[in-house]
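So the structure is just underneath, and the comments pick up after that.
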Amino acid sequence: MTPLNGCLLVSALLFSIGLGGALTRRSAILVLVGIELMLNAANLNFIAFWRYGPHPEALTGVLFVTFSIAIAAAEAAVGLALIQAVYRHAKTTDVNQLDTMKG
Amino acid sequence: MTAPFVILAVVTIGGAVAAMTLRKLVHCALALAVCFVGLAGLYLDLNAQFVGLVQVLVYVGAVVILIVFAILLTRHDELPAQTNRTRVAGLGVSAVVFALLAWAVTAGGAQMGAAVAAPEAAMKDIGGALMQKYVLPLEVVGLLLTAALIGAVVIAMEEKKKAR
Amino acid sequence: MTQGLDQIFVTFQHWAVAHSPAAVQPAVSIVLPVAGILILFPSLFAITTVLERKGLARIQNRYGPNRVGPYGWLQPVADAVKSLTKEDIVPRTADKLVHFLAPVLLVTVVFLEYAVIPVGRNMVLADMNSGVLFFFAAGAATEMSVFMAGWSSRNKYSLLGAMRAVAQMISYEAPLILSSIAVVMAAGSLSTVTIVEKQAGYSGFWPHWYVLTPWGLAGFVLFAIAMTAESNRSPFDLPEGESEIIAGYFTEYSGFKFALFFLGEYLEMFAVSGMAVTLFLGGWAAPFSFLTWIPSWIWFLGKVMTLIAVFIWVRGTLPRLRMDQLMNFAWKFMLPMTLMVIFSAGLWKFLPSGVLRWLICAAPIALLYVVLGRVLQSERRIEKRVYRYAE
Amino acid sequence: MLGEGIVKGLAETARNFFGSYVEKDRLTTVQFPEERLPQAEAARVFPFLVYDTDDMEKGLRCVACKICEVECPPRCITIEKSTEKKPDFTGKPQFYPEKFEIDVSVCMSCQICVEVCPFEAIKMDTAFELSTDDRFGGLRWEKERLAKPNEYYRQIHPMEAAEVDEQLAEKKAKAEEKHAPAAATAEGAATR
């Protein structure tokens, strides 16, 4: 197995773990954590392809990951603020109970 | 497949599994921090020093702390586990996704990724690229972060009582 | 002779590596400097605890510790014996593993920060391409340990202290990093070694330190304030405010673990002081060209200890802030000021040298300072207090 | 101006710091075991038994009336009365304490025993370094350890002691006066 394949497998595993967690856990915060894990799996792919790809001097992978991290930070901030707001309304963070559309 | 890579991969995957399976939410957040540190190590191992350090700075220093704050600001009684059906379905979906991805990787990724000389990502080059070639995305990200900052504050702010 | 004394530790390392068997040579060349850091800074910590207690006592017109050993200089030995022999108490409801890991993590992470600080000429553990970034990344992990300590103790005071500490450290990290960006811009590098080398020149006998420029001076003051807050020192010691929340996040720690927290806090203080010295005060460079014969590591340690003395002085002077004052100060004063410092540093780079450059670069900072001072003080209108039951 | 107060404060503490090395009278600390402040006249810590003359056994003022034992709020005094009597300072035969013990660890320095004592026999001491490493015997003070001469009392509480001495002298004079006519009449009766 080449090093690139190793990286990609780790990343695939990370993605699946994040997906599984996001689908099975009930707490909205943990769902967000699962999504963060999936994002990170994608980042790992970018870095791996940059490292073993044909044009590392273009730095595309590194810069893409840099932007992706910034966006993930923004996403986490807004997501957690949303969870806060929802919690204040519904008094729960259980995604199964958040089934009403009335504010 | 070097020894550091294997160790870091095990730390990352272990942290991720723990973050998704532990019962106490704070433990999940701490395990998530371990996972992120492992990932940062992987980036360093792959010669991407800048990204690795930014990963620690942003994820461990900010995102995990944010998650911890959210956990402490919401009451979370021990939620009962998901119904068995959802659980099996979720795990099934993720297993299928993993199988697909793994098949794609092992089947298709062979022609690329032979040992390549480690590329050097000098800080100067990254800075130059950010300021010249990618200056528009950089500005857009700055705008996005500002919007997210204001948006998060507005959303999380206590709604003022109208009748006063 | 001077050269030899300056490089004495480097020469010793080379000598030791050359005289050890070939199989362990890489290990020796790594272990020796690490051991040097592990010995130097904890012993500095021991000296500083006495110095601090004596200095604070003199500020309050007292004697300070003077019982153990001559003039009380063996006090740290007594303290160490005491904390090592004390019973290690863990609350019954505590999360044992996290409770144990928190102090260990803190000390480990803080030691990591020393890897990129140049202690003298050619004396840095890892000359990283992105040393400044590494320093702040390692510093970000201390927040985790503080939170772990507070949460795992299952104590309301601990949790309050931890939340205060985390909120404070995150808020002050922004001005801390932003004020160092000005230096990174001027030096054109994130490597600490390069930053020091850029400051090591002299015009006449006057050094090229960044603190001697208008933006550098303002940046240094802002950096110093932010690093005081980062290391939870008075007047920003709300997280441990013993009069309000007992001892904050380490209320439930005793014996050796408490000593570890204490050690971690002081090491963090040395680390950020070392970083401030590296960024603004020329690192190991001598202040005047005719003083270059004194070894570089003496200059570095002298500068760090001077900063520590200022820390102690400030601690003896200022009362603790309130939480809202702390946050207001970070976001309403520090952040705009650091942004202005970056702007001024940019101006400095493009203007021709001369008196005019000085004035032009100093003007926006001074203007913002005055305006912010006016605005912030007009917000704080103190009214005469009305007592309900007295009188 | 923002930051003006901080600079002023720093100047003040710097003045303190350097001043404390120059002017010795700035330092207010008393280096305790070597240096001691004179104790106040009204200081009181732990009771002791007063005796007149030089002989402790004979001169002890206590008559084992047990009032202090009863009045003591934490009950730290234990008294055993003697079986035979001996003359007190006026010459009147009185009981005396066979055993008189006070527990240091229990005494709360309330001075009630002193207030209730009709014989001015128990007074408050000013010695305060009472700690010991023997927690059973060392904390129960026997009569021998409690008894201190009247001169000592005069030394530590001069004004109070003078008052007490005056009262006692008066009492003694009265007793002798009462005694003397009686003796005289007895003598007269004998001569008659």
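Top to bottom, those sequences are chains A, B, C and D. My numbering numbers the first residue of the first sequence as 992 and each following residue consecutively. My numbering numbers the first residue of the second sequence as 8 and each following residue consecutively. My numbering numbers the first residue of the third sequence as 446 and each following residue consecutively. My numbering numbers the first residue of the fourth sequence as 106 and each following residue consecutively. Idealized CB from N, CA, C, for every residue including glycine.
Tell me, please, whether the CB atom of Val-161/B is closer than 8 Å to any CB atom in chain C? no
Grouping DSSP H, G and I as helix and E and B as strand, with all else coil, what is Ala-232/D? coil
According to DSSP, is Ser-187/D part of a helix, a strand, or is it coil? Secondary structure of Ser-187/D (DSSP, three-state): coil.
Buried or exposed for Lys-31/B, please, with buried defined as at least 16 other CB atoms from any protein chain shown within 10 angstroms of its CB. exposed
Hey, quick one: how far does the beta strand (DSSP E) through Ile-562/C stretch, first residue to last? That residue, Ile-562/C, is in no beta strand (DSSP E); it is neither H nor E in DSSP.
Indicate whether Ile-1062/A and Gly-1052/A have their beta-carbon atoms separated by less than 8 Å. no
In the DSSP output, what is Glu-206/D paired with across the bridge? Answer is Thr-183/D.
Within the 8 Å Cβ cut-off, does Gln-822/C reach chain D? yes
By how many angstroms is the C-alpha of Ala-721/C removed from the C-alpha of Val-786/C? 16 Å
How is Tyr-156/D classed by DSSP in three states: helix, strand or coil? strand
Note down the Cα distance separating Val-24/B from Thr-81/B, rounded to an integer number of angstroms. 23 Å
Which first and last residues belong to the beta strand (DSSP E) in which Ala-252/D is found? 252-254
Tell me which residue opens and which closes the alpha helix (DSSP H) that Glu-713/C is part of. 700-724
Quick one: does Ile-743/C have its CB under 8 Å from some CB of chain D? False, the Cβ-Cβ gap to chain D never drops below 8 Å.
For the alpha helix (DSSP H) holding Val-33/B, just list the boundary residues, first then last. 32-52
Which chain A residues sit within Cβ distance under 9 Å of Arg-30/B? Within 9 Å Cβ-Cβ: nothing; Arg-30/B doesn't reach chain A, min ~10 Å.
Looking only at its chain, what residues have a beta carbon closer than 6 Å to the beta carbon of Ile-172/D, apart from the 5 residues adjacent to it on each side? Val-221
Residues of chain B with CB closer than 9 Å to the CB of Thr-1091/A, please, in chain order. Those within 9 Å of Thr-1091/A in chain B number zero; the least Cβ separation is about 18 Å.
Segment limits, alpha helix (DSSP H) that includes Trp-660/C: 659-675
Helix, strand or coil for Leu-732/C? Go by DSSP, reduced to three states. In the sequence as presented, Leu is not what sits at residue 732/C; that position holds Pro. Pro-732/C: coil per DSSP, three-state reduction.
Nearest residue (CA-CA) to Asp-682/C, options Lys-777/C, Ser-624/C and Pro-764/C: Pro-764/C
State the start and end residues of the unbroken alpha helix (DSSP H) segment that holds Gln-458/C. 453-463
With a cut-off of 8 Å on the beta carbons, I'd call Leu-724/C and Ser-590/C a contact; round off their distance for me. Between Ser-590/C and Leu-724/C the Cβ distance is about 24 Å, and since that is not below 8 Å, they are no contact.
Does Phe-581/C come within less than 8 Å of chain B when only Cβ atoms are used? At least one chain B Cβ lies under 8 Å of Phe-581/C.
Do the segment 800-820 of chain C and the segment 728-735 of chain C touch if we need at least three Cβ pairs shorter than 8 Å? no
What does DSSP give as the partner residue(s) for Met-568/C in the beta ladder? Gly-565/C
Val-63/B to Val-44/B, Cα distance in whole Å? C-alpha separation (whole angstroms): 6 Å.
Would you call His-544/C buried or exposed, if buried means 16 or more other Cβ atoms sit within 10 Å of its Cβ? buried
By how many angstroms is the C-alpha of Pro-510/C removed from the C-alpha of Leu-529/C? Approximately 20 Å, taken between the alpha carbons.
Would a C-beta distance cut-off of 8 Å place Thr-696/C and Ser-598/C closer than the cut-off? yes
Counting only beta-carbon atoms, is Ala-1033/A nearer than 8 Å to chain B? no
Would DSSP call Tyr-66/B helix, strand or coil? helix
Grab the span of the alpha helix (DSSP H) containing Lys-113/D for me, first residue to last. 109-127
In the DSSP assignment, what are the bridge partners of Tyr-647/C? In the DSSP secondary-structure assignment, Tyr-647/C is bridged to Pro-652/C.
For Leu-1038/A, the first and last residue of its enclosing alpha helix (DSSP H): Residue 1038/A is actually Ile in this sequence, not Leu. That run of the alpha helix (DSSP H) goes 1019-1043.
Rounded to the nearest angstrom, how far is the Cβ of Val-641/C from that of Gly-727/C, given a contact under 8 Å? 7 Å
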